[in-house]
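What follows is a set of notes on a single structure, which appears directly below.
Residue numbers (the working numbering), protein chains in the order written: chain A, 1019 to 1338; chain B, 1019 to 1338.
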């Protein structure tokens, strides 16, 4: 399905893959190996696709869009490498993580190298507004993650705090992709705002679905263990709804109070699966996707706009 | 002594401190607390001083030099925060580390936030060459650190490999400071090269002295435990000379072969202290400082040049 959606930019996504491969070609063999492991094909490449699709409405100039598309994927990879080190995760995209194979120290340093590389690529856009936006987005992501770390195993979290958190953690990177694609193609300010809004709303929906799949997906589909949010003490929308529905006593509350963690994670997942909570969460995600599509209404109707609309649909329907 | 050296830029270093304090003023109280802890006064602030002093030969424009000076200090701090997490260090500058007080996950994320902030500040220079140089320097640092991590507890390391390693780990950040100061003050290309060379040679000397002090200093002077390089399995110049001098059997070899680590660290430190190795290492550092001063010869003679010459002298004489 992604293949059809990416159709208008398929050739250029191939160029992004080539750039990612060339990033792995460094003199230092260990670094080269770690880069190849982390940047290997197999990801959905949604972020570079968003840069390119967003660039298709006005002056589509690959000399700026290509480094930007590559940079957002590398920034995303850097955050995953650091996240896995932080969470001590063993598996990602069905493969062992950097920290699992080479140790946490290497994961921190590889993530740092990737951050530097992403900055270097963004400099190739020669656009100071995009360069600044890129830096600020990364600050928002790290501060969002810090916020999550400090609120781990805290039951007093509202739906609004959750939305704010995933806005900082996920949505801002997707809106960086769409906003920068627009800026780099000389889009008028209203269109920049529209594409930024699309990226933000798509990002919120994307993360809500991720959080649902952590309850109802399988490790096989996801390429990583499920139930991991609860294990890390992260309250996501399904867990918040579960707490609202059973305020007195429930497995999430018991788990966060450190009672028999594994058993309570399984019970919480079962409870979410066998209730209307899943459906309710999907309805929230769908609302954000509808809002995302609405953001596109003032843009010229072209193949790219149709792809972005289909992408919003895909984000809710995906199983991984 | 640093006070006298910094005299030509003393007022502007106060502005750097003010900028660093304003970086700590964020809405999120935990982040604010962590930033204040890591950016607190007490460091030598050599890197921002180098930016400012290097900017004093031509068009000294604080609107570019101030964000740059702040950015290099923040980048430096970010690498320290990540290093401490990697090495599981408990003390830095006489204070407990971020990882010690708040945990390793927070240290990784705070380091990331600082990296983003440094990049945002560099964007304020509005100079694409400096922006690119900044990104590349950080890649060199991370790849240098990765190199160090992969060569830990490896006895087969030459003096050349050591110099290459500290060039990537330390000298490149000092040369970033001097080179960017030159570029941002519109220095002619030859002066840019001269200041870059000065920064590089000063950086090599600085790191050699750091590595000597890890053998002969005291925890009280250094604000961190001594003998830490050997404990991490990092071969520095004193250890390499010791291995050369006693090729058959010596405490470094036994330590790297995992025999009674603490005892062998103490023996190695004693051996270095009571031999001419210390002197020999200082002679190497002095050579780099002489080379650094030589690099300055084509620059106009002014208070700043005199300070840079005195700084080269300070770097070898310092005890912390």
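For every residue, glycine included, the Cβ atom is placed at its ideal position computed from N, Cα and C.
Open item on the list: At the level of alpha carbons, what is the spacing between residue 1049/B and residue 1262/B?
Closed with: 47 Å
Open item on the list: Using 8 Å as the threshold, is the C-beta distance between residue 1068/A and residue 1199/A below it?
Closed with: yes
Open item on the list: Using CA atoms only, rank isn't needed, just tell me which of 1233/B, 1253/B, 1252/B and 1254/B is closest to residue 1244/B.
Closed with: 1233/B
Task: Sufficient close CB pairs (3 or more, under 8 Å) joining the stretch 1277 to 1290 of chain B to the stretch 1236 to 1252 of chain B - done: yes
Task: alpha helix (DSSP H) segment containing residue 1221/A, residue limits - done: 1207 to 1234
Task: Contacts around residue 1177/A, its chain only, beta-carbon distance under 8 Å, and the 5 residues preceding and following it disregarded - done: 1255 and 1258
- [ ] Ignoring anything shorter than 4 residues or poking outside the stretch 1041 to 1120 of chain B, list the alpha helix (DSSP H) runs there in chain order.
- [x] 1047 to 1057, 1064 to 1072, 1080 to 1105 and 1116 to 1120
TODO: Just mark residue 1229/A as buried or exposed, buried being the case when its beta carbon has 16 or more other beta carbons within 10 Å.
DONE: buried
Task: Spatially closest choice to residue 1204/B from 1095/B, 1336/B, 1131/B and 1080/B, by CA coordinates - done: 1080/B
- [ ] Measure from the C-beta of residue 1154/B to each C-beta in chain A and report whether the shortest distance is under 8 Å.
- [x] yes
Open item on the list: As a quick exercise: from 1027/A, 1029/A, 1337/A and 1083/A, pick the residue whose alpha carbon is nearest that of residue 1201/A.
Closed with: 1083/A
Task: Contact set for residue 1025/A: own chain, Cβ-Cβ below 8 Å, skip 5 residues either direction - done: 1321 and 1325
- [ ] Check whether the Cβ atoms of residue 1085/B and residue 1140/B sit closer than 8 Å, and answer yes or no.
- [x] yes
- [ ] Evaluate residue 1102/B with the Cβ neighbour count: other Cβ atoms within 10 Å of its Cβ, from every protein chain shown; 16 or more gives buried, anything less gives exposed.
- [x] buried
Task: Any chain B beta carbon closer than 8 Å to residue 1126/A - done: yes
Task: Span of the alpha helix (DSSP H), counted from its first residue to its last, around residue 1199/B - done: 1190 to 1202
Task: Sub-8 Å separation of residue 1126/A and residue 1126/B beta-carbons - done: yes
Open item on the list: How far does the alpha helix (DSSP H) with residue 1334/A in it extend, from its first residue to its last?
Closed with: 1321 to 1335
Open item on the list: Under DSSP, the alpha helix (DSSP H) around residue 1298/A begins and ends at which residues?
Closed with: 1295 to 1313
Open item on the list: Using beta carbons (cut-off 8 Å, strictly below), is residue 1157/A in contact with chain B?
Closed with: yes
Task: beta-carbon residue 1205/B near the ligand GDP non-hydrogen atom, thresh 7 Å - done: The ligand GDP is not among the ligands present in this structure, which contains no ligands whatsoever.
TODO: Tell me, please, whether the CB atom of residue 1046/B is closer than 8 Å to any CB atom in chain A?
DONE: yes
TODO: Identify each residue in the stretch 1135 to 1155 of chain B for which the Cβ-Cβ distance to at least one residue of chain A is less than 7 Å, and report them in chain order.
DONE: 1135, 1137, 1138, 1141, 1144, 1146, 1149, 1150, 1153 and 1154
Task: Span of the alpha helix (DSSP H), counted from its first residue to its last, around residue 1277/A - done: Per DSSP, residue 1277/A belongs to no alpha helix (DSSP H) and is neither H nor E.
Task: Straight-line gap, residue 1162/A to residue 1184/A (C-alpha atoms, nearest Å) - done: 8 Å
- [ ] Measure from the C-beta of residue 1218/B to each C-beta in chain A and report whether the shortest distance is under 8 Å.
- [x] no
TODO: Find out if the Cβ-Cβ distance for the pair residue 1195/A, residue 1072/A is shorter than 8 Å.
DONE: yes
Task: Whole-angstrom C-beta distance between residue 1159/A and residue 1097/A, which should lie under 8 Å - done: 6 Å
- [ ] Determine the closest residue to residue 1047/B out of 1090/A, 1118/A and 1168/A, with distance taken between C-alpha atoms.
- [x] 1168/A
TODO: Would you please state the rounded distance, in angstroms, between the beta carbons of residue 1052/B and residue 1124/B? I believe it to be under 8 Å.
DONE: 7 Å
- [ ] Kindly list, in the order they appear in chain B, the residues whose Cβ is closer than 7 Å to that of residue 1233/A.
- [x] In chain order: nothing, as chain B lies at least about 23 Å away.
Open item on the list: Quick test of your reading: residue 1310/A and residue 1220/A, contact by CB under 8 Å. State the CB separation rounded to the nearest angstrom.
Closed with: 5 Å
- [ ] With a threshold of 16 other CB atoms inside 10 Å of the CB of residue 1129/A, please say whether the residue is buried or exposed.
- [x] buried
Task: Three-state secondary structure assigned by DSSP to residue 1158/B - done: helix
Open item on the list: Please return the same chain residues whose Cβ sits closer than 6 Å to the Cβ of residue 1335/A, not counting the five positions on each side in sequence.
Closed with: none
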